[in-house]
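These protein sequence lines map, in sequence, to chains A and B. For the first sequence, the numbering used here assigns the number 306 to the last residue and increments by one with no breaks. For the second sequence, the numbering used here assigns the number 306 to the last residue and increments by one with no breaks. For each residue, glycine too, the CB sits at the ideal point set by N, CA and C. Just so we're clear, the structure is a prediction, and the values are computed from it rather than from any experiment. Inspection log for the structure reproduced underneath, given as structure tokens.
Number of protein chains: 2
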Amino acid sequence: LGTPSKHLVDEVLAGQTRAIARLITRAEAGDEECRPALAEIYRHAGSAHLVGITGVPGSGKSTLVSALAQKFLARGHKVAVVAMDPSSPFSGGSILGDRIRMNDIACDPRVFIRSMATRGALGGLARASLDAVDILDAGGFEVILIETVGVGQDEIDVVQAAYTTVVVSSPGLGDDIQAIKAGILEIADIHVVSKCDRSDANKTVNDLKQMLLLNTYSETNGSKWSIPVISTSATTGQGLDDLAEMIDRHRRYLTDTDEISARRQRMAETRTIKIAENIIRSKFAAQQRGTISKTLQRVIARQVDPHSAAIELLAVLNEGLDK
Amino acid sequence: LGTPSKHLVDEVLAGQTRAIARLITRAEAGDEECRPALAEIYRHAGSAHLVGITGVPGSGKSTLVSALAQKFLARGHKVAVVAMDPSSPFSGGSILGDRIRMNDIACDPRVFIRSMATRGALGGLARASLDAVDILDAGGFEVILIETVGVGQDEIDVVQAAYTTVVVSSPGLGDDIQAIKAGILEIADIHVVSKCDRSDANKTVNDLKQMLLLNTYSETNGSKWSIPVISTSATTGQGLDDLAEMIDRHRRYLTDTDEISARRQRMAETRTIKIAENIIRSKFAAQQRGTISKTLQRVIARQVDPHSAAIELLAVLNEGLDK
Chain A
-16 LGTPSKHLVD EVLAGQTRAI ARLITRAEAG DEECRPALAE IYRHAGSAHL
34 VGITGVPGSG KSTLVSALAQ KFLARGHKVA VVAMDPSSPF SGGSILGDRI
84 RMNDIACDPR VFIRSMATRG ALGGLARASL DAVDILDAGG FEVILIETVG
134 VGQDEIDVVQ AAYTTVVVSS PGLGDDIQAI KAGILEIADI HVVSKCDRSD
184 ANKTVNDLKQ MLLLNTYSET NGSKWSIPVI STSATTGQGL DDLAEMIDRH
234 RRYLTDTDEI SARRQRMAET RTIKIAENII RSKFAAQQRG TISKTLQRVI
284 ARQVDPHSAA IELLAVLNEG LDK
Chain B
-16 LGTPSKHLVD EVLAGQTRAI ARLITRAEAG DEECRPALAE IYRHAGSAHL
34 VGITGVPGSG KSTLVSALAQ KFLARGHKVA VVAMDPSSPF SGGSILGDRI
84 RMNDIACDPR VFIRSMATRG ALGGLARASL DAVDILDAGG FEVILIETVG
134 VGQDEIDVVQ AAYTTVVVSS PGLGDDIQAI KAGILEIADI HVVSKCDRSD
184 ANKTVNDLKQ MLLLNTYSET NGSKWSIPVI STSATTGQGL DDLAEMIDRH
234 RRYLTDTDEI SARRQRMAET RTIKIAENII RSKFAAQQRG TISKTLQRVI
284 ARQVDPHSAA IELLAVLNEG LDK
């Protein structure tokens, strides 16, 4: 590690907010020169409790995350929020509407809030978000809330890079939106029905409970965690203490049963494989003009199908991997 | 090719609907034994005009696709619809609500409608959808409408496996939803504002036109296609002929300028790389118990970071790729 990098890593490990913010920015920009620093950071991370919070647009998850962060603060924890923010490569900016609602806690020094957005590939956003989690973890934040929109594989991968996954549902969302959500319901350790002051909230709670009759326990082998459904209201504050308490209880459950080892296994696996895929993807991009281009020409000419071509190309890439 | 497979391929090439449906079902099930048949099918595909249609949930794209299919039918074309349907591995079923609205055209023999859903990985859904497009293409369908929900990289990859991409926006969707959509706006060759009978439709049209001031032409080099914004109403039928005509015009533009070659390049590339990634992913899964497991243990123990581990693992996988 070069001296400036080592200095930055030391500052992060000492919990200095500005150093933390700076390193996250460099990770987000895809700065390859900070890779050794991130590798070092990774080795020091692993103490924080990572809580993934996901839900479809309009489910009220941002408001919930803000309220939940305050609860953990009140319990004496340092809290960080990392939000994956869908952004347009077109406009070049992230959409900050949701985050503005977090202003009420944004000034407390024991809180760190970061919206992640990249101008490039979606895979890059997932990677940078997980780097940010490591940095905050190594920097001494005890609870890290990872907020994602529950759509798309990248978002699911990121939210599953957490020990406890909270899925937020909301009364009154259309069927079309519920359809997308279907894919994320089964990753929940804890279900939350937000906006429970609404009159149609009971229906949503009942729908979830009905669904849970089929699968009462969360996924991993031998697990006996019974998935709760918690009603919350950011307006009245109802259910927020219950939720914070339930997250703590799930954390203790993971440790007591050593279920946490299975989670760590899954997290390391998903993340490493994703990175390997991205490396493959960039190798393809880099070798565009060579052999790969010739194979793709045959795909375009319909002389060979994409599946056979992929197998051919992987063989070619193998030879170039060490370079 | 074995005799039963060859027979099935011949029936597909002769345009027999039942054979087409059967092969799509096998592709969707991930049946590896139909891989040679699909390779053969791929070599015969490539004549259809592929139109990707995407938009966020609630944008009215399913209704639009149904109406558009009727327009192409009326113009004398055989039309197929392939819809990527988000499905829950939990319930094991696809959500068919949207498709029901298509019943009015589903009985015409010159129309083929298929909702694709898989119980497994999202990557598998994208792959099966593109296989289905090949099968329909080789089976003589002249226009294939590929409908996806505009969220997630898989969906974007699939919709970009089309020559003409239509992005559907709708008046009155919340900001949170628009945020997700931001990522797909820039892939449009044609913008559609649906539900233009609504009073707030003008605002949506103006927002899109405002955005297009920054980037009037669609992406590929040297292209001079000026991206239109078309207002449609499935209720009154307004704009549907314009849209069908515009899609035809875009098709002629692609051929006249040879822009179609660049699109074919991009399509072959995206698809082949995606398959290569999936192969890598399944290799990882298969080698779980061996060297890979040991490397992942070091990631879990925080002795090595995921990035360095990915590079190590790719080197190991190389050796196993031919087996």
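query                                                                                                                                                                                                         : result
At the level of alpha carbons, what is the spacing between residue 265 (chain B) and residue 54 (chain B)?                                                                                                    : 42 Å
Have a look at B:26, B:65, B:237, B:146 and flag the residue whose alpha-carbon is nearest the alpha-carbon of residue 116 (chain B).                                                                         : B:65
So which residues on chain A does residue 255 (chain B) lean against when the C-beta distance must stay under 7 Å?                                                                                            : 279, 282, 289, 292, 293, 296
Does the count of Cβ pairs from the segment 290 to 298 of chain B and the segment 279 to 287 of chain A closer than 8 Å reach three?                                                                          : no
Chain B beta carbons: is any one of them nearer than 7 Å to that of residue 129 (chain A)?                                                                                                                    : no
Three or more C-beta pairs under 8 Å: does that hold for the segment 35 to 55 of chain B against the segment -2 to 18 of chain B?                                                                             : no
Compute the Euclidean distance between the alpha carbons of residue 179 (chain B) and residue 259 (chain B), then round it to the nearest angstrom.                                                           : 42 Å
For residue 38 (chain B), list the residues DSSP reports as bridge partners.                                                                                                                                  : B:132
In terms of residues, what are the limits of the alpha helix (DSSP H) holding residue 55 (chain B)?                                                                                                           : 44 to 57
Using a Cβ-Cβ cut-off of 8 Å (strictly less than) and excluding sequence neighbours within five positions of residue 171 (chain A), which residues of its own chain qualify?                                  : 148, 149, 150, 201, 210
In whole angstroms, give me the CA-to-CA distance for residue 298 (chain B) and residue 213 (chain A).                                                                                                        : 46 Å
Given that a residue counts as buried once 16 or more other Cβ atoms are within 10 Å of its Cβ, and exposed if not, what is residue 316 (chain A)?                                                            : Because chain A spans -16 through 306 in this model, residue 316 (chain A) falls outside it and cannot be assessed.
Give me the Cα-Cα distance between residue 33 (chain A) and residue 126 (chain A), rounded to the nearest whole angstrom.                                                                                     : 6 Å
Find the residues of chain B that neighbour residue 21 (chain A), judging by a C-beta separation of less than 9 Å, and give them in chain order.                                                              : 288, 290
Using the beta-carbon of each residue, which ones in chain B are nearer than 8 Å to residue 248 (chain A)?                                                                                                    : 279, 283
Counting only runs of 3+ residues fully inside the segment 207 to 282 of chain A, write out the beta strand (DSSP E) ranges in chain order.                                                                   : 212 to 214
Determine, using beta carbons only, whether residue 307 (chain A) comes closer than 7 Å to chain B.                                                                                                           : The shown model of chain A, from -16 to 306, leaves out residue 307 (chain A), and the question about it has no answer.
Residue 228 (chain B) touches chain A at which residues, Cβ-Cβ below 7 Å?                                                                                                                                     : The premise fails here: residue 228 (chain B) is roughly 27 Å from chain A at the closest Cβ pair, so nothing lies under 7 Å.
Going by C-alpha distance, which of B:146, B:241, B:131 is nearest residue 231 (chain B)?                                                                                                                     : B:146
By the 8 Å beta-carbon criterion, what residues does the segment 9 to 20 of chain A contribute toward chain B?                                                                                                : 18
Between the segment 108 to 124 of chain B and the segment 92 to 99 of chain B, can you find at least three pairs of beta-carbon atoms closer than 8 Å?                                                        : yes
Kindly indicate which residue of B:9, B:107, B:176 has the alpha-carbon position closest to the one of residue 223 (chain B).                                                                                 : B:176
What does residue -15 (chain B) reach in chain A if we use C-beta pairs closer than 8 Å?                                                                                                                      : Ordered by position in chain A, no residue passes the 8 Å Cβ test against residue -15 (chain B), which lies about 17 Å from the chain.
Alpha carbon to alpha carbon, how far is residue 122 (chain A) from residue 26 (chain B)?                                                                                                                     : 55 Å
By the 10 Å Cβ neighbour count, where 16 or more other Cβ atoms means buried, how is residue 143 (chain B) classified, buried or exposed?                                                                     : buried
Which residues share a DSSP beta bridge with residue 152 (chain A)?                                                                                                                                           : A:176
Just tell me which of A:28, A:11, A:155 has its CA closest to the CA of residue -8 (chain A).                                                                                                                 : A:28
Need the endpoints of the alpha helix (DSSP H) that residue -12 (chain A) sits in, please.                                                                                                                    : -14 to -4
Excluding the 5 residues preceding and the 5 following residue 79 (chain A) in the sequence, name in chain order all residues of the same chain whose CB lies nearer than 7 Å to its CB.                      : Because the pLDDT at residue 79 (chain A) is just 38, under 50, the model does not fix this residue reliably, and the value given afterwards should be weighed accordingly. Correct list, in chain order: 98.
Per DSSP, what are the beta-bridge partners of residue 32 (chain B) in this structure?                                                                                                                        : B:126
Starting from the C-beta of residue 233 (chain B), find all residues in its chain whose C-beta is less than 6 Å away, skip the five residues before and the five after it, and write them out in chain order. : 147, 172
State yes or no: is the beta carbon of residue 25 (chain B) nearer than 7 Å to at least one beta carbon in chain A?                                                                                           : yes
Which residues, in chain order, does the segment 210 to 240 of chain B contribute to contact with chain A at a C-beta distance below 8 Å?                                                                     : none
Under DSSP, the alpha helix (DSSP H) around residue 287 (chain B) begins and ends at which residues?                                                                                                          : Counting along the chain, residue 287 (chain B) falls outside any alpha helix (DSSP H), and DSSP gives it neither H nor E.
Mind pulling the chain A residues with CB within less than 8 Å of residue 29 (chain B)?                                                                                                                       : 285
Any beta carbon of chain A sitting closer than 7 Å to that of residue 52 (chain B)?                                                                                                                           : no
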